[in-house]
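Residues in the sequence shown are numbered from 626 upward in steps of one, following the numbering used here.
Heads up: the structure comes next, in structure tokens.
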Amino acid sequence: MKIITAIDEMRKYSLHLKHKHRIIGFVPTMGFLHQGHLSLVRKANEECDVTAVSIFVNPIQFGPNEDFAEYPRDIDRDVSLLKKEKVDVLFVPSHSEMYPEGYATYVNIKGRLSEDLCGLLRRGHFSGVATVIVKLFNIVMPDKSYFGQKDAQQVLVIKHLSKDLNIAVEIRVLPTVRETDGLAMSSRNKYLSPEEKLRALGIFRALKTAEEMAASGEFFVDRIKDKMKTIIEKENKLKIDYIEVVSQEDLKPMKKLQPGVLVAVAAFAGKTRLIDNIVIDKL
Ligand code: AMP
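What follows is the structure in structure tokens.
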């Protein structure tokens with residue numbers, strides 16, 4: 626596996642691959658890899674000639690009181706996991722490589738996509754995400770890029786910016802990978818104590834309950850949200866940031882369920898903010 630830290634070198638390598646008409650699959654990550662990340666890597670390997678992964682803990686997508694400094698990092702472990710998956714190239718730029726002195730350009734997505742749900746509490750978060758993704762797309766020049774449904778809002782933002790800014794990349798979205806008990810895998814799960822981890826399961830239980838209520842004929846969103854609130858807050862003592870039932874296309878809130886709605890939750894177990902979601906197809 627090639628490990629590249631310089632932007633120029635990564636661009637040269639990608640251009641070289643493009644001249645040889647190789648299809649480049651790209652998986653951007655912040656490292657501390659788990660099976661969720663690796664599911665994206667495997668799909669890229671399956672669908673593309675060359676798989677590129679990036680590891681970059683992007684400072685501009687963290688708020689001033691968020692966990693940028695503590696975000697888990699283990700580059701040696703990540704490298705060995707990616708080697709096992711036969712990844713072709715790992716791009717690991719430094720902060721000063723990505724944001725040198727005088728850096729001044731930010732990508733902003735207007736409206737609901739970046740301002741609702743996670744954008745409400747995490748002001749500026751999606752501008753940070755959008756900016757780094759546009760930079761990475763320009764550097765790696767992938768044909769296809771792979772993202773997890775776990776970060777449903779991030780997926781919408783990236784699809785939107787690729788379309789708006791005419792970036793020729795196919796956005797591929799893969800299902801959320803879970804622990805056997807249902808907890809969505811996340812690098813941030815490392816912060817959880819065993820007791821918090823048990824309570825964190827309340828998020829998955831609430832999502833499952835929403836699915837079951839929908840399957841048994843409930844279609845009033847408020848009743849579903851109330852039940853989810855009880856499970857998350859009362860039964861599992863998590864602090865809710867939001868419970869939303871929205872259109873998958875534009876995050877517009879729904880009063881009544883429709884096939885394909887996104888049910889999304891953000892909640893705190895102690896200091897750790899967790900997100901998860903499901904799409905309800907069967908009503
Ligand atoms: P991150 O390193 O958290 O920025 O995530 C990098 C990519 O992995 C993003 O596209 C995430 O949506 C995806 N990802 C993270 N957790 C999971 C998961 N449990 N299942 C599937 N994809 C995931």
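C-beta: ideal position from N, C-alpha, C; glycine also.
Quick one: what's residue i bridged to in DSSP?
{"i": "Y638", "result": "The partner list for Y638 (beta bridge, DSSP) is empty, contrary to what the question assumes."}
{"i": "T897", "result": "A894"}
{"i": "N902", "result": "A889"}
{"i": "L715", "result": "I628 and V678"}
{"i": "F762", "result": "DSSP output for F762 lists no bridge partner at all."}
{"i": "S770", "result": "F651 and I796"}
{"i": "A809", "result": "R803"}
{"i": "K864", "result": "F893"}
Among the candidates the options, whose CA atom is the shortest distance from the CA of residue i?
{"i": "L706", "options": "G656, V754 and G749", "result": "G656"}
{"i": "A825", "options": "I764, L799, N861 and D906", "result": "N861"}
{"i": "R667", "options": "S679, G650 and I680", "result": "G650"}
{"i": "T897", "options": "E672, E695, H646 and L663", "result": "E695"}
{"i": "F893", "options": "N814, S639, L863 and I685", "result": "L863"}
{"i": "P689", "options": "R647, P697 and R748", "result": "R748"}
{"i": "Q873", "options": "P767, L658, P684 and K775", "result": "K775"}
{"i": "I783", "options": "Q686, G807 and I758", "result": "I758"}
{"i": "A840", "options": "D701, T730, D906 and K645", "result": "D906"}
{"i": "N683", "options": "L658, L761 and E672", "result": "L761"}
{"i": "K637", "options": "K711, E671, V890 and N763", "result": "N763"}
{"i": "R797", "options": "L663, K769 and E836", "result": "K769"}
{"i": "V712", "options": "E671, L832 and F693", "result": "E671"}
{"i": "A793", "options": "L642, M766 and Q686", "result": "M766"}
{"i": "V890", "options": "L876, K708, R830 and I868", "result": "I868"}
Using DSSP with H/G/I as helix, E/B as strand and the rest coil, what is residue i?
{"i": "T795", "result": "Sequence inspection shows Glu at residue 795; the Thr mentioned does not correspond to that position. If DSSP states are grouped into helix, strand and coil, E795 belongs with the strands."}
{"i": "S841", "result": "coil"}
{"i": "E869", "result": "strand"}
{"i": "K709", "result": "helix"}
{"i": "T630", "result": "coil"}
{"i": "G749", "result": "coil"}
{"i": "R698", "result": "coil"}
{"i": "K623", "result": "One cannot answer for residue 623 here, as it falls past the ends of the chain, which runs 626 to 908."}
{"i": "P878", "result": "strand"}
{"i": "K735", "result": "coil"}
{"i": "Y728", "result": "coil"}
{"i": "E740", "result": "helix"}
{"i": "G661", "result": "helix"}
{"i": "F829", "result": "helix"}
{"i": "K822", "result": "helix"}
{"i": "L786", "result": "helix"}
{"i": "D776", "result": "helix"}
Within 10 angstroms of the Cβ of residue i, are there 16 or more other Cβ atoms? Answer buried if so, exposed if not.
{"i": "A631", "result": "exposed"}
{"i": "Y816", "result": "buried"}
{"i": "L790", "result": "exposed"}
{"i": "Q779", "result": "buried"}
{"i": "T960", "result": "Summary: the structure shown does not reach residue 960, with the chain confined to residues 626 through 908, and so no result is reported for it."}
{"i": "Y728", "result": "exposed"}
{"i": "L745", "result": "exposed"}
{"i": "K735", "result": "exposed"}
{"i": "L640", "result": "exposed"}
{"i": "T730", "result": "exposed"}
{"i": "H644", "result": "exposed"}
Would you say residue i and residue j are within 8 Å of each other, going by their C-beta atoms?
{"i": "V904", "j": "L882", "result": "no"}
{"i": "S679", "j": "P697", "result": "no"}
{"i": "F844", "j": "L899", "result": "no"}
{"i": "F751", "j": "M723", "result": "no"}
{"i": "G773", "j": "L665", "result": "yes"}
{"i": "V732", "j": "L786", "result": "yes"}
{"i": "I857", "j": "V870", "result": "no"}
{"i": "L715", "j": "V675", "result": "no"}
{"i": "N902", "j": "A777", "result": "yes"}
{"i": "I685", "j": "G753", "result": "yes"}
Given the structure, does residue i come close to the ligand NAD, in the sense that its CB is under 7 Å from one of the ligand's heavy atoms?
{"i": "M810", "result": "In terms of ligand content, the structure shown lacks the ligand NAD and carries the ligand AMP instead."}
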